[in-house]
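Going by the numbering used here, the sequence shown opens with residue 30, and the numbers climb by one from there.
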Amino acid sequence: MPETVRDASSAGRFRRFALELYRRPGVADACLALQSRHELDVNVVLFAAFAGVAQRRTLTADNLTQAHRRVDAWHQEVVRPLRAVRQRLKAGPAPAPSEATVLLRRKLARLEIEAEMIELDQLGSLIPETGPQRPAADAAACAAAAIETVVTTRTRAALSDEDREVIEAIAAAAVQKRRSPRACEAPGRTPLVYAKETSSRARLRAGSICRES
30 MPETVRDASS
40 AGRFRRFALE
50 LYRRPGVADA
60 CLALQSRHEL
70 DVNVVLFAAF
80 AGVAQRRTLT
90 ADNLTQAHRR
100 VDAWHQEVVR
110 PLRAVRQRLK
120 AGPAPAPSEA
130 TVLLRRKLAR
140 LEIEAEMIEL
150 DQLGSLIPET
160 GPQRPAADAA
170 ACAAAAIETV
180 VTTRTRAALS
190 DEDREVIEAI
200 AAAAVQKRRS
210 PRACEAPGRT
220 PLVYAKETSS
230 RARLRAGSIC
240 RES
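Rendered as structure tokens:
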């Protein structure tokens, strides 16, 4: 299979996985808890969960360096500024909040989601390159180990009990519909606004990584 076709397929699978996982009960709060404590990119946490659950793989520091090189500039210079403006408009500056600025916030929310989808696809295109083998018996252990690597490469502090609790919660949610007895695969095997205007706000919050705050 041509590399571009394989990458596109991996990116699509990862996007669907990330959106489904993020809207499961407790996952958004768990991801945002890690983000708040360790300044993580939630999309990278979801990337790690996918590597563990869908491919029975963990992540190395080199894998994460590659992922951050691919998306950090986009996240810092596009996603976060869009989010910052959207959040600022909730209370000001004048003339916000107003009917006009509420509409503007909705447009910004759509743009923020589009930007995050681009980031997810960039991360998804890296999926075939992740490894290595993890001597674990199930997908939850692989996902938890991969997420732990995301956290420990961003902080020098040891994982707290609270960190481990939220990591395990994300990993457990990720395997709800993907349980399998296979062990982790060895390296080299290729194995998140407003939608339609009628009920857009509900559907968007249910399926997007952008939270209304």
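The C-beta atom is built at its ideal place from N, Cα and C for all residues, glycine as well.
Whether residue i touches residue j by CB criterion (8 Å)
i: D192; j: V180; result: yes
i: V204; j: A172; result: yes
i: A78; j: L88; result: no
i: L152; j: R99; result: yes
i: L118; j: L133; result: yes
i: A83; j: R53; result: no
i: A169; j: A144; result: no
i: V73; j: L61; result: no
7 Å CB neighbourhood of residue i in its chain, flanking five on each side removed
i: L140; result: L111
i: T130; result: L118, P124
i: T184; result: H67
Spatial neighbours of residue i in its chain, beta-carbon cut-off 8 Å, leaving aside the 5 residues before and after
i: A90; result: T178, T182
i: P126; result: L118, K119, A120
i: L198; result: Before going on, a small fix: residue 198 reads as Ala here, not Leu. Contacts found: G55, V56, A59.
i: V108; result: E141, A144, E145, E148
Cβ neighbour criterion (16 or more within 10 Å) applied to residue i
i: E148; result: buried
i: D58; result: exposed
i: D101; result: exposed
i: A40; result: buried
i: A113; result: exposed
Sequence-distant residues of the same chain with beta carbon closer than 6 Å to residue i, five excluded per side
i: H97; result: none
- prompt: Going along the chain, which unbroken runs of the alpha helix (DSSP H) with 4 or more residues stay wholly within the stretch 114–176?
  reply: 128–153
message: Which runs of the alpha helix (DSSP H) at least 4 residues long sit entirely within the stretch 37–90? Give them in chain order.
response: 56–67, 71–84
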